[in-house]
Structures are given as structure tokens and as C-alpha cells.
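Asks: In the numbering used here, the protein residues as written are 4 to 520.
Ideal Cβ placement from N, Cα and C applies to all residues, glycine included.
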């Protein structure tokens, strides 16, 4: 009997506890707000969550970084301020938060950084395409990726030299990152750096695609003097495709090789369908260790090479042997191996007969466009007989050089709404000319200060209503049967592969992915 009574009492207490719990809204974890989250927490989706390890970062993501997850399924962080004080609602605040998150924008304009912006917390997507109107531009200081699993799309990084002091200018790239993994940079615009505009190397599983990299500052604040460079590239593996590099005095690009890792067998870099215009110096060079594909790139020598004695007008790459400099981890003498095919030189700007003949030779036989620095080795020792198998999807996005030229000029950069800078540079490429010479003496399209070409445009726009703050406009949600009063950004109601928020973000730019025609 005592045992029976004890059982009855326990059951009663248990039922009472359940009743009390259901009446207390503060104990319902689905309704709690996580630290750093603006507004109600996401509702737990009923849909089955897919295995994201083999889902493309977004439709049109290719190459070594294609499976980057970013912040998929995580919190939605809203940037609604152009300030850089780290307060909630700023870009600096959003990138500093922990955990999977997607950054969306409800403001358009220029974010004037007060200091370098370091992305040190991974599992992040920065969706610049969600900014209203003219979009977002970041200026004054570098933005650097120091984290794994990062997606950055449709952003502008136009640094300039106005806010740099002392030796800061010597290492200030507009946008850069090295030493991390699973990163994809898509449809971004980088310009006006005092060092390189876009440097990404010694990363694993990296892609930079459909970006415009232009007008590094030549005679600016760098201690070495002339230093208007495109970028240092590399990775293990890394893919650089459908990018435009224009108006740089050198490094278009420099390949880091295995100097940072000391592992030449792991350095595997694929460069295809890029457009390079109006370069100086040696153009592309380096590659001290590693395996490289140069496939179907489009080279257009510009006014600088037309007007100088530079001999790089028909050069694909100048290969270096490692001399131990820059704290290289390589063995002395390490050099790379290069496969070249389908690359094309457009000589329409040039008028020198010898140079045009040289271009014709390289177009007929790309191997003549590979040069060994100081003839340290015969060229045949640098060449690979077959294309390196770096990723398994190269055939899916490879175009002819001529088709890539048209696609890049039409779609590359932060092109949801191209700003005046990108529009002007693309016109320069098409017309074979340049906008201005530098105010400190640089010439032929190599500028020294952003003011030489008019400075930063004005960016404006008004965000659509988003009642629940989940990154998806109310009207868009209603049209697709979602609830605009509930955060259902992490649900899979609209796709088996992408969250509802990703479907929205991808829909904004699906016509700009370049290979849909």
C-alpha cells in the first residue's frame, strides 16, 4: 500500500511540474533570444536538414572553395548602421560574433573603417547583395580573413590612403587573407590599395571568382615608392576564375608558391578565364614551388606597355626559383611546374610590329609565354605536358578565352548594381584606354590617389520591410507562403539544399552568375 501511495504522489508531482513548465514562456527554449541576436530566436524548422558537406556554397560556386558552408542555418545578424564603433548593428559587431551566422544589410553606403577589420570568427556569410539600392563599400583600412569557413559576396573594398599612418601603408591590402581554409570570395570589387588590392594565398580549399581587382595606388605611401600591385595568390588547392585585373604596375598576380608552407607538393593553383588588362613590370611572376594551370585566360596589353619598353606584352608568366628571401620555408632553388593552354593575347592596343609578332607566336603556342627568371633553367623544365587535376569541376565552368572576356566584363564585381568605378574600368578595358594619370607622376592609367579618378561614389538605397528581422523581405516571404512575422530563415521549406534565407539571397543574383546564358 505504501509503495502504491508513493507511486501516485510521484506521478502527481511530475504532472504538476509539466503543467508549470508549459505555463512559463521563459522556459521555452525555442522562444529565447540568443546573446547578440536582434529580435526573437529562429523557430526550429521541421524540415530535414541536408548534409551540407557536398552542397555548393551557392548556385554558381566553383573550384576549390565550392563546398564552403559559411553561416548557413545560423543566426541572422542585421547591419543597419554605417558606423565602425563595434556597436550592435555595425559590420564590425557582426563579424565579431561567435557561431554560424549570416550578415545581411539594411543600409546602403560607405563604411569608413577606423582601423583594420579582422574577421576572426569563422562560420560566416557576408551577403553584400542584400544591401538596398547601390550597395555597400568599405574604405580607409584593410579587411582581412583570419578564420575558416567564410563566404563573402557582392562587397566593395575600396581602401584608399586617407586614413593610413606610418608603416601601415606598407602592408595594407584592400582585402586579403592567408593561412585558413574553406573560403570563397564571389563578385567583389577591390581597389585603391597601397600594397596589393587582393592577396589570398597559403589557404586551403579557396576560391576567388567573378571579382574586379583594379587601380592599386602606385606612387602613394608605401616606403618602397612605386607599389601599385594587383595581388599575391596561391593555395592548396585554390581556384581563381573569371576575375578582372586592370591598371596595376605589377603582380597580376604574383604567385606565392610554397614559400609560406615549404610544401611544394601541396601547392596546387588553378587560374582560368581571368581577364588581365594594362599591366606593368613582369605582370604575373613567382611560383616558387607548386603546380599551376593557366587555362583560357584573356590578356590585353594596355597603354602602359604600348608607351614603354616593357617586354611583358606577350608573357603569361615569369617563373622564379626560390632564393630563400622573405623567410621562405622552401629549399633553395625550388621552382614550380606550369600547364598552359588556350590563353589569348589581344594586341589591339599595340602598334609595334615586333610586339604584335610576339603576341601571334604565343597565341599559336602558349608555352612561349612562360619565361624563367634570369634563365635559371630551360623553359621546357618548367612545363607540364598535361593539365593538373586540381578540382573535379573545372570543365563545368571553363569558357574559351574570348567568351570569358565577354562574361567577365558583363558580370564581374559587385554587379547587382555596378558603381561608377567598376563601370568606368570595364569601359577602359573594352576601349583599350584609361581614365587618368597619377597625381604624383604615374602614368597610363596607374593612379596615385583615388581623387585622380574622382574618388568614392555615393551609395544610397532604402531597405524593404522585414518585420521579423530574418533577412527576408515581408513581401517576398508572403509570395512564397512563409510567415513574415516568424523567423524561418533556417528552414528548408523552399529548397532541399538551401535554407529559406539562402534561397532569397541566391535569387537576388542568380542572373549574374555569368554561365547562365
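Which of helix, strand or coil does DSSP assign to residue 424?
Replies: DSSP places residue 424 in helix when its eight states are reduced to three.
Asks: Assess, as a yes-or-no matter, whether the region 80 to 87 is touched by the region 50 to 60 under the definition of 3 or more beta carbon pairs within less than 8 Å.
Replies: As far as the Cβ criterion goes, the region 50 to 60 does not touch the region 80 to 87, which means the pair count is below three.
Asks: Taking the alpha carbon of residue 218 as the point to measure from, which residue in 192, 237 and 207 has its own alpha carbon closest?
Replies: Nearest C-alpha to residue 218: 192.
Asks: Does the structure place the region 457 to 464 close enough to the region 475 to 488 that three or more beta carbon pairs sit under 8 Å?
Replies: The region 475 to 488, when compared against the region 457 to 464, does not touch it at the 8 Å Cβ threshold.
Asks: Return helix, strand or coil for residue 212, following the three-state DSSP convention.
Replies: Strand.
Asks: Could you check if residue 123 is buried or exposed, using at least 16 other CB atoms within 10 Å of its CB as the buried criterion?
Replies: With fewer than 16 Cβ atoms within 10 Å of its Cβ, residue 123 is classed as exposed.
Asks: What residues match up with residue 341 in a beta bridge as DSSP calls it?
Replies: Beta-bridge pairing links residue 341 to 295 and 386.
Asks: Measuring CA to CA, which of 222, 93, 376 and 275 is closest to residue 532?
Replies: An answer regarding residue 532 cannot be provided, because it is not within the stretch 4 to 520 covered by the chain.
Asks: When DSSP labels each residue in this structure, what does residue 468 get in the three-state scheme?
Replies: It is coil, neither helix nor strand.
Asks: Grab the span of the beta strand (DSSP E) containing residue 130 for me, first residue to last.
Replies: 127 to 130 is the span of the beta strand (DSSP E), which, as asked, contains residue 130.
Asks: Examine chain D for any beta-carbon lying closer than 8 Å to the beta-carbon of residue 99, and answer yes or no.
Replies: Protein chains in the displayed structure number just one, and chain D is not present.
Asks: Evaluate residue 231 with the Cβ neighbour count: other Cβ atoms within 10 Å of its Cβ, from every protein chain shown; 16 or more gives buried, anything less gives exposed.
Replies: Under this definition residue 231 is a buried residue.
Asks: Quick check on the DSSP output: what are the complete beta strand (DSSP E) runs of length 3 or more inside the region 211 to 271, in order along the chain?
Replies: You should have 215 to 217, 241 to 244 and 247 to 251.
Asks: Taking 7 Å as the cut-off, is the beta-carbon of residue 486 closer than that to any non-hydrogen atom of the ligand MN?
Replies: Summarising the ligand content, the structure contains no ligands, and the ligand MN is consequently not present.
Asks: Kindly indicate which residue of 272, 125, 298 and 132 has the alpha-carbon position closest to the one of residue 278.
Replies: That would be 298, whose Cα lies nearest to the Cα of residue 278.
Asks: I'd like to confirm the pairing. Which residues does DSSP put opposite residue 207 in its beta bridges?
Replies: BP columns for residue 207 point to 184.
Asks: Just the Cα atoms here: how many angstroms apart are residue 62 and residue 469?
Replies: Spanning the two alpha carbons is a distance of roughly 24 Å.
Asks: How close, in whole Å, do the beta carbons of residue 145 and residue 115 come, if the pair is a contact with beta carbons under 8 Å?
Replies: Actually they do not touch by this definition, with Cβ atoms about 13 Å apart.
Asks: Which term fits residue 334, buried or exposed, when burial requires 16 or more other beta carbons within 10 angstroms of its beta carbon?
Replies: Its Cβ having fewer than 16 others within 10 Å, residue 334 is exposed.
Asks: Counting only the same chain and skipping the five closest in sequence on each side, list residues whose C-beta sits under 6 Å from that of residue 415.
Replies: Taken in chain order, the residues that qualify are 213, 215 and 247.
Asks: Which whole-angstrom value is the C-beta distance of residue 438 and residue 446, which I expect to be below 8 Å?
Replies: Wrong, their Cβ atoms sit about 12 Å apart, outside the cutoff.
Asks: State the DSSP-derived secondary structure class of residue 369, mapped to helix, strand or coil.
Replies: Three-state result, residue 369: helix.
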